[in-house]
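Peer 1: Each residue of the sequence shown is one higher than the one before, counting from 28 in the working numbering. Every residue gets a Cβ at the ideal spot worked out from N, C-alpha and C, and that includes glycine.
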Amino acid sequence: MSDTKKLGRPRNFDYDNALLQAMSVFWVKGYDGASMRDLTGAMGISGPSLYAAFGDKRDLYLKTIDHYCSADACTPLVALEGEEDIEKALHAFLSEVIRSATAHESGAKGCFLASSVVACVGHVDGVGERVDAAIDDTEKRLTARFEREIQKGTLPPTFPARERAALLFDIRQGYMFRGRAGWSSDRMQKDVADRVRMLLST
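This is how it looks when you write it as structure tokens:
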């Protein structure tokens with residue numbers, strides 16, 4: 028048996044791009060509203076190729092959630108964690124949230140998890156666990172960023188790190204909701220400085 032046969036036929040499409048296109052379909056139409064024809068058409072692949080590379084519709088949906096959580100949802104967190112000055116870090120986080128809510132490469136607005144995925148919790152196996160994990164991981168990382176400032180002495184020992192992390196998460200979701208509603212980046216950016224001051228108030 029040749030090496031080619033052992034490995035199977037090579038893919039003739041961009042896996043990550045196909046996954047992004049599938050996410051766009053689910054984002055707009057929801058899980059139930061997205062047909063296999065919608066998905067294969069957007070992804071530019073045949074039904075057999077979709078099943079071979081991604082599994083069935085549920086498997087594909089879960090893969091789009093995992094992709095969003097590991098890439099898009101983490102971008103604001105990376106901005107927050109990479110900036111040493113906490114005020115600048117919060118500005119960077121919220122600015123990246125707004126960019127994601129209004130200028131996502133898929134063309135969709137808002138947050139994939141909040142706009143589409145949460146509607147499937149309890150209806151599609153595996154979704155609820157992923158949403159819970161995404162919320163928990165995000166709040167832990169936000170809390171750790173505030174706690175880092177407490178350890179540095181730039182925030183007082185009594186600073187409510189966990190509570191402000193939860194507030195920051197909720198502010199993020201509010202921006203995502205506004206993005207979904209069609210608010211512009213410029214319109215949302217006007218409030219960023221006020222929200223940063225509120226988050227750091229002692």
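For V105, does the count of other Cβ atoms within 10 angstroms reach 16, so buried, or fall short, so exposed?
Peer 2: The residue is exposed, with fewer than 16 neighbouring Cβ atoms inside 10 Å.
Peer 1: Give me, in chain order, the residues of the same chain whose beta-carbon lies closer than 6 Å to that of L87; leave out the 5 immediate sequence neighbours on both sides.
Peer 2: Once the five neighbours on either side are set aside, the close Cβ partners of L87 are A49, F81.
Peer 1: Please return the same chain residues whose Cβ sits closer than 7 Å to the Cβ of G57, not counting the five positions on each side in sequence.
Peer 2: Closer than 7 Å at Cβ, skipping near neighbours: S143, A146.
Peer 1: Comparing C-alpha positions only, which one of G109, H118, R157, G137 sits nearest to H94?
Peer 2: Out of G109, H118, R157, G137, R157 has the C-alpha closest to the C-alpha of H94.
Peer 1: Measure the beta-carbon distance from A128 to K136 and round it to whole angstroms, keeping in mind my assumption that it falls under 8 Å.
Peer 2: That belief holds up - the Cβ atoms of A128 and K136 are roughly 7 Å apart, short of 8 Å.
Peer 1: Can you tell me whether DSSP reads C101 as helix, strand or coil?
Peer 2: If DSSP states are grouped into helix, strand and coil, C101 belongs with the helices.
Peer 1: Identify whether H131 lies in helix, strand or coil by the three-state DSSP scheme.
Peer 2: Residue state, collapsed to three classes: coil.
Peer 1: Mark G206 as exposed unless 16 or more other C-beta atoms lie within 10 angstroms of its C-beta, in which case mark it buried.
Peer 2: Classification for G206: buried.
Peer 1: Pull up the distance between the alpha-carbon of D41 and that of A69, whole angstroms please.
Peer 2: C-alpha separation (whole angstroms): 13 Å.
Peer 1: Check whether the region 198 to 218 and the region 174 to 185 are in contact - that is, three or more C-beta pairs closer than 8 Å.
Peer 2: Flag = no, the region 198 to 218 and the region 174 to 185 do not touch.
Peer 1: Does DSSP put E123 in a helix, in a strand, or in coil?
Peer 2: E123: helix per DSSP, three-state reduction.
Peer 1: Would you report the Cα separation of K84 and M63, rounded to the nearest angstrom?
Peer 2: Between K84 and M63, the C-alpha separation is close to 7 Å.
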